[in-house]
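Numbering (this note's numbering), first residue to last: 457 to 674. Virtual Cβ for every residue (Gly too), placed ideally from N, Cα, C. Computed from a predicted structure; not experimentally measured. Structure record follows, encoded as structure tokens.
Take a look at the structure:
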């Protein structure tokens, strides 16, 4: 059964597409907001919500925390599910405020259990937790989002029923740096926007023509 060699996949993506500079945000609080707001919507809607918050608070954590519930919901309405997402933002903000937004302090306290702690926060699921690990806490892990599951399915011919199914199937290179983990996720998502519309389109892509170079027999 074929498996994707993560290092070879990364090399092919980077060589053919160049650095993507992900996550598309200027600050870590903005990344945190984006990770919550993007759930079950597209990035265009997230940008509208972030623009509203930016105009009202300059995305300063204290200012966001001081917003009234009605204000917060109104600002993030373009992203949909605004009641649940407002609740998630409140819960996440409370967590970070406990540590004065000191990311290193949080990593030091939770260590290898940080992902478990993040999953305990209202509104944070497996994908959001991994996004925070990679882009906020600089921990190199694999983000098995929808684009990744589609890509790996096309590469291996296997079906991944959910997020954890793909996470469990990969061999993550121990030498992968946090910068490479950030770049890999961005490369996969940017590739996906163009080439993962269907399998026919994928087969004509540079990855579709190099499957044997990217996969290994398990």
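Note: residue 672 is bridge-paired with 459 in the DSSP secondary-structure output. Residue 647 places its beta carbon 8 Å or farther from that of residue 596. Residue 575 is positioned such that its CB atom lies closer than 8 Å to that of residue 585.
With a contact defined as Cβ atoms closer than 8 Å, residue 577 and residue 600 miss out at about 19 Å. Rounded to the nearest angstrom, the Cβ distance from residue 590 to residue 638 is 6 Å, consistent with a contact under 8 Å. Taken atom to atom, the span from the alpha-carbon of residue 604 to that of residue 491 is near 16 Å. For the set 481, 535, 645, 658, the Cα lying nearest the Cα of residue 602 is the one of 645. Here the alpha carbon of residue 592 sits roughly 32 Å from the alpha carbon of residue 672. Under the three-state reduction of DSSP output, residue 481 falls in the coil class, being neither helix nor strand.
Rounded to the nearest angstrom, the Cβ distance from residue 545 to residue 505 is 10 Å, too far for a contact under 8 Å. Here residue 610 is buried. Its C-beta has 16 or more other C-beta atoms within 10 Å. For the pair residue 469 and residue 606, the Cα-to-Cα distance works out to about 15 Å. Under the 10 Å beta carbon count, residue 475 is surrounded by fewer than 16 other beta carbons and is classified as exposed. With distances taken between CA atoms, residue 483 lies nearest to 557 out of 541, 557, 471. Bounds of the alpha helix (DSSP H) holding residue 610 are 602-612. Contact between residue 627 and residue 462 holds, with the beta-carbon distance rounding to 7 Å and staying under 8 Å. Residue 457 and residue 477 have their alpha carbons spaced roughly 33 Å apart.
In the DSSP assignment, residue 568 falls outside any alpha helix (DSSP H) and carries neither an H nor an E.
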